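**Q**
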């Protein structure tokens, strides 16, 4: 058996603990797969004295990052500490020291991934980041290896567990957003400050990473149009369910003839769509390739062990590459620059819920406005509102472009017969 | 740009045609991914004169296998002709000529995979077979790379599109097996001789390949216990649906402490199980890893382009390895010998449907027999049978071992109060 490969950890929270646990518990399988022992050599922690649930030789702990990233015993640095600018500096230093990198840091990769990958390549080092997107689901390897020969034209991801948990509970139990969010916080499925999750920022980072890899095209975080779920009402879920749809927070990345659209927004999907059955905190990424057609990768989107498993699969890849002597030798070509579609090119169906004046002529006023903007109806539901001279109208449109849709929505608000536009969502997976 | 890599095809049916189409249509992306042109150099066909829908330079066609497997222009042989013994000889000759192999042949790999892989390794050649299991789903790469660091303990696969199509139609439309099979044959979803599909043999081959890879343990085709769907009745589907289950033909591979069970059989899954939403001709493989937990890979299980895409992803891998100079350098250790569980160790729930004499005491006779074999009830449904002094009893048992279950079933048949045991199925994914 060859000499052990040395692993240094930056961070020792839940994912770091999971990595240490897997390296220990699965040592035999690991050796079987890579042909040599794998040993944790150094672990950066904030406070060496802190009580820990994971048993670890305390001589391995250090409060000095340099003892990890500059140690001659460390071949591979696993970054599971989070953070952006300071962490980036540490990884640059580690790469300059010829350490291979495995990171679970989506924030860092969404912002500085291209730069770090270039440096890694220059230094002959691997830099893998499977754990940064969709936890335990091997989606990045699926895109870069499994579907490598295909031309991917569309990805739809449920890539945030917190929001999927909230929408599932709202939808199955008919409860309000605030009520479910509070319960999710008590159960640990949502952070005490849930903004990054519920407003879609976390999902946007993951979609930027997915789109960059899937389309071989540099997609920036700022390219992602983002809308969260904090304004989704139980009524929206109720009516969409009646009309045959399930609401999910969907990260959507599409390309047509080299032009890209990318967004994160609450989206209605037909009940029979594979993503509609992805419940609770689970994640899934639906990938459409020109040749393969529909595929979907499903699994746990977060959690110490699933995320650690993804990081470990990267570790295995790095060690295999070390033993083959091919680290950092990417044979994939450079990324193209991505060109975003304009609103005229973004086609979709929409769900629109209006409260309208309940009198003769209302409907004809509304339908002529829709006709004016060339937006036609696929489904329609009208219901009286109890105790008011008002009616609720829910429309599922046929496909239209986003420019027309936005003009329509602006004008709808101003119609005298419309009390209010209650809500509006994109509809995908139909037609 | 470096010199082109030469590809030789053995076979030019639907998958072979798909390969040629993808190499042509996606040439630019391919070059981007592997850094050199990829060219089809020779194609073995039965009859050069036959009319073909795919346009191909007829100088590339040959009726002599040797012109493919011994051509100095061919670096990689893609085997998409099917067949077992003759095909094996051709591949052995190709490997002896130092050609890398990509094959879509599940029959061959289920029977002779270990031998061929060993020869490939000895010759410094790659031999990849992603397309042999579940068409366009990159499940083999998912197991060998994505989940490489985890210990996989359970796999459940819907790996045969024909049977999934038939069960979906029977279940959704309340039609009989014979009726749906006939329609499936007319639509081309089932072969004119559907035996290998409907009796579970096709699925068994794929499960042997999956289990060998997922458990790093040599699982033989003969190890797979196989039952098909030809005796599934619409009544079985109706009652299982009423009790909250969906019936699927499930390939199940489990290991506990190094002992393995592997089977293909009609199985009931709770409606909310991810595999329950896999409809029509789609395939999916559900993988449980100790660390990652539940994951699922979903996609088209057959079809020219999906299967060709899987073969193409292998081709990309071979070419990347060629450019890195690492073909055939597997760093994975040898397979362990698999030890099968005996019936006492195989634990499961069961669905049992009986027709019984409708008189006082029947139920108590049956329940005391169940108690004798330590099989307890989770759910129970009793219904009168129209116009007969009989009742239908449907039981979902708690978990029991297969030995007890079989003793129970043998004795049930002999009870005077039991007219007949109508059907019985394994139940998975609960408890």
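Protein chains in written order, with the numbering used here: chain A, 1 to 431; chain B, 1001 to 1431. We put the CB at the ideal spot given by N, CA and C, even for glycine. Bear in mind that the values here come from a model prediction, so they are computed numbers and not experimental data.
#1: How close, in whole Å, do the beta carbons of residue 81 (chain A) and residue 315 (chain A) come, if the pair is a contact with beta carbons under 8 Å?
#2: Would you say residue 1404 (chain B) and residue 1374 (chain B) are within 8 Å of each other, going by their C-beta atoms?
#3: Below 8 Å CB to CB, which residues in the same chain sit around residue 340 (chain A) once its five sequence neighbours on both sides are set aside?
#4: Give the single residue among A:84, A:420, A:58 whose Cα lies nearest to the Cα of residue 205 (chain A).
#5: Pick out whichever of A:382, A:350, A:356 has its Cα sitting closest to the Cα of residue 406 (chain A).
#6: Is it true that the CB of residue 1294 (chain B) sits closer than 8 Å to the CB of residue 1282 (chain B)?
#7: At least one CB of chain B closer than 8 Å to the CB of residue 216 (chain A): is that the case?
#8: Which class does residue 255 (chain A) belong to by DSSP, given the choice of helix, strand or coil?
#9: Does the Cβ of residue 1242 (chain B) have 16 or more other Cβ atoms within 10 Å, making it buried, or fewer, making it exposed?
#10: Under 9 Å between beta-carbons, which chain B residues line up against residue 122 (chain A)? List them in chain order, please.
#11: Tell me, please, whether the region 1157-1165 of chain B touches the region 1297-1311 of chain B by the rule of three or more beta-carbon pairs shorter than 8 Å.
#12: Counting along the chain, where does the alpha helix (DSSP H) carrying residue 1316 (chain B) start and finish?
#13: Sort out for me which residues DSSP pairs residue 158 (chain A) with in a bridge.
#14: Tell me, please, whether the region 1139-1158 of chain B touches the region 1247-1257 of chain B by the rule of three or more beta-carbon pairs shorter than 8 Å.
#15: In the region 1152-1175 of chain B, which residues sit with their C-beta less than 9 Å from some C-beta in chain A, listed in chain order?
#16: Could you tell me which residues DSSP puts in a beta bridge with residue 44 (chain A)?
#17: By how many angstroms is the C-alpha of residue 275 (chain A) removed from the C-alpha of residue 1106 (chain B)?
#18: Using 8 Å as the limit for Cβ to Cβ distance, is residue 1195 (chain B) near chain A?
#19: Of all the beta strand (DSSP E) runs that stay within the bounds of the region 1373-1414 of chain B, which reach a length of 3 or more residues?
#20: Let me check one thing: in DSSP terms, what residues is residue 336 (chain A) bridge-paired to?
#21: Buried or exposed: where does residue 257 (chain A) fall if 16 or more other Cβ atoms within 10 Å of its Cβ makes it buried?
#22: Is residue 358 (chain A) near the ligand MN, with its Cβ less than 7 Å from a heavy atom?
#23: Please confirm if residue 1435 (chain B) has its CB atom under 8 Å from at least one CB of chain A.
#24: Suppose contacts are defined by Cβ-Cβ distances below 8 Å. Is residue 1048 (chain B) in contact with residue 1063 (chain B) by that definition?
#25: Please name the residue in B:1051, B:1005, B:1097, B:1037 whose C-alpha comes closest to that of residue 1066 (chain B).
#26: Cβ of residue 135 (chain A) within 8 Å of Cβ of residue 14 (chain A)?
#27: Using the three-state DSSP reduction, which class does residue 1239 (chain B) fall into: helix, strand or coil?
#28: Closer than 7 Å, Cβ to any Cβ of chain B: which residues of the region 291-307 of chain A, in chain order?
#29: Return the CA-CA distance between residue 1166 (chain B) and residue 150 (chain A), expressed in angstroms with no decimal places.
#30: According to the Cβ coordinates, are residue 278 (chain A) and residue 200 (chain A) closer than 8 Å?
#31: Quick one: which chain B residues come within Cβ less than 7 Å of residue 29 (chain A)?
#32: What in chain A is Cβ-close to residue 1309 (chain B), meaning under 8 Å?
#33: Please compile the residues from chain A whose C-beta is within a distance smaller than 9 Å of the C-beta of residue 1026 (chain B).
#34: At a CB-CB cut-off below 8 Å, which residues of chain B make contact with residue 324 (chain A)?
#35: Quick check: the Cα distance between residue 1228 (chain B) and residue 1389 (chain B), rounded to an integer number of angstroms?
#36: State buried or exposed for residue 1372 (chain B), treating a residue as buried only when at least 16 other CB atoms are found within 10 Å of its CB.
**A** With the structure as the only source:
#1: Against the first chain, residue 81 (chain A) aligns to sequence position 81. Against the first chain, residue 315 (chain A) aligns to sequence position 315. Rounded, the Cβ-Cβ distance is 16 Å, inconsistent with contact.
#2: Looking up residue 1404 (chain B) in the second chain gives position 404. Looking up residue 1374 (chain B) in the second chain gives position 374. Their beta carbons are under 8 Å apart, which means residue 1404 (chain B) touches residue 1374 (chain B) by this criterion.
#3: Residue numbering aside, residue 340 (chain A) sits at position 340 when the first chain is read from its first letter. Closer than 8 Å at Cβ, skipping near neighbours: 223, 259, 260, 261, 262.
#4: Stepping through the first chain from its first residue, residue 205 (chain A) is reached at position 205. Closest by alpha carbon: A:84.
#5: The residue labelled residue 406 (chain A) in the question sits at position 406 within the first chain. Out of A:382, A:350, A:356, A:350 has the C-alpha closest to the C-alpha of residue 406 (chain A).
#6: Sequence index remark: in the second chain, residue 1282 (chain B) carries index 282 (1-based). Sequence index remark: in the second chain, residue 1294 (chain B) carries index 294 (1-based). In this structure, residue 1294 (chain B) does not lie closer than 8 Å to residue 1282 (chain B) by Cβ.
#7: The residue labelled residue 216 (chain A) in the question sits at position 216 within the first chain. Interface residue, yes.
#8: The residue labelled residue 255 (chain A) in the question sits at position 255 within the first chain. The answer is strand: DSSP assigns residue 255 (chain A) an E or B state.
#9: Taking the second chain and counting its residues from 1, one reaches residue 1242 (chain B) at position 242. Residue burial is scored here from C-beta neighbours: residue 1242 (chain B) has fewer than 16 other C-beta atoms within 10 angstroms and is therefore classed as exposed.
#10: Position 122 of the first chain, counted from the start, is the residue given in the question as residue 122 (chain A). Ordered by position in chain B, no residue passes the 9 Å Cβ test against residue 122 (chain A), which lies about 17 Å from the chain.
#11: yes
#12: Start at 1 with the first residue of the second chain, and residue 1316 (chain B) comes out as number 316. Counting along the chain, the alpha helix (DSSP H) containing residue 1316 (chain B) begins and ends at 1304-1324.
#13: What you label residue 158 (chain A) is simply residue 158 of the first chain in a count that begins at 1. Residue 158 (chain A) is bridged to A:284.
#14: Yes, the region 1139-1158 of chain B touches the region 1247-1257 of chain B.
#15: none
#16: Stepping through the first chain from its first residue, residue 44 (chain A) is reached at position 44. According to DSSP, residue 44 (chain A) bridges with A:10, A:62.
#17: In the second chain, the residue the question calls residue 1106 (chain B) occupies position 106. In the first chain, the residue the question calls residue 275 (chain A) occupies position 275. If I take the Cα positions, the gap works out to 29 Å.
#18: Taking the first residue of the second chain as position 1, residue 1195 (chain B) is located at position 195. So no, residue 1195 (chain B) is outside the interface.
#19: Contiguous beta strand (DSSP E) elements confined to the region 1373-1414 of chain B occur at 1377-1384, 1390-1397, taking only those with 3 or more residues.
#20: As a first step, residue 336 (chain A) is located in the first chain; it is residue number 336 there, counting from the start. DSSP output for residue 336 (chain A) lists A:217 as bridge partner(s).
#21: Taking the first residue of the first chain as 1, we reach residue 257 (chain A) at position 257. It is exposed - the Cβ of residue 257 (chain A) has fewer than 16 other Cβ atoms within 10 Å.
#22: The ligand MN is not part of this structure, which contains no ligands at all.
#23: In the structure displayed, chain B extends from 1001 to 1431; residue 1435 (chain B) sits before or after that span and is not available.
#24: Numbered from its first residue, the second chain carries residue 1048 (chain B) at position 48. Numbered from its first residue, the second chain carries residue 1063 (chain B) at position 63. Result yes, Cβ atoms of residue 1048 (chain B) and residue 1063 (chain B) sit closer than 8 Å.
#25: Looking up residue 1066 (chain B) in the second chain gives position 66. Out of B:1051, B:1005, B:1097, B:1037, B:1097 has the C-alpha closest to the C-alpha of residue 1066 (chain B).
#26: In the first chain, residue 135 (chain A) corresponds to position 135, counting from 1. In the first chain, residue 14 (chain A) corresponds to position 14, counting from 1. In this structure, residue 14 (chain A) does not lie closer than 8 Å to residue 135 (chain A) by Cβ.
#27: Walking along the second chain from the start, residue 1239 (chain B) turns up at place 239. In the structure shown, residue 1239 (chain B) falls within a helical segment according to DSSP collapsed to helix, strand and coil.
#28: 291, 292, 293, 294, 295, 296, 297, 298, 299, 300, 305, 306
#29: What you label residue 1166 (chain B) is simply residue 166 of the second chain in a count that begins at 1. What you label residue 150 (chain A) is simply residue 150 of the first chain in a count that begins at 1. Their Cα atoms are separated by approximately 29 Å.
#30: Here the question's residue 278 (chain A) lines up with position 278 in the first chain. Here the question's residue 200 (chain A) lines up with position 200 in the first chain. For residue 278 (chain A) and residue 200 (chain A), no; Cβs fall outside 8 Å.
#31: Translated into the one-based positions of the first chain, residue 29 (chain A) becomes position 29. By Cβ distance, chain B contributes 1151.
#32: Taking the first residue of the second chain as 1, we reach residue 1309 (chain B) at position 309. Per Cβ cutoff of 8 Å: 147, 149, 150, 289, 291, 292.
#33: Taking the second chain and counting its residues from 1, the one referred to as residue 1026 (chain B) is at position 26. Here the neighbours are 149, 150, 151, 290, 291.
#34: Taking the first residue of the first chain as position 1, residue 324 (chain A) is located at position 324. Here the neighbours are 1324, 1326, 1329, 1331.
#35: Translated into the one-based positions of the second chain, residue 1228 (chain B) becomes position 228. Translated into the one-based positions of the second chain, residue 1389 (chain B) becomes position 389. Rounded to whole angstroms, residue 1228 (chain B) to residue 1389 (chain B) spans 32 Å at the Cα level.
#36: To locate residue 1372 (chain B), count along the second chain from 1; it is residue 372. With fewer than 16 Cβ atoms within 10 Å of its Cβ, residue 1372 (chain B) is classed as exposed.
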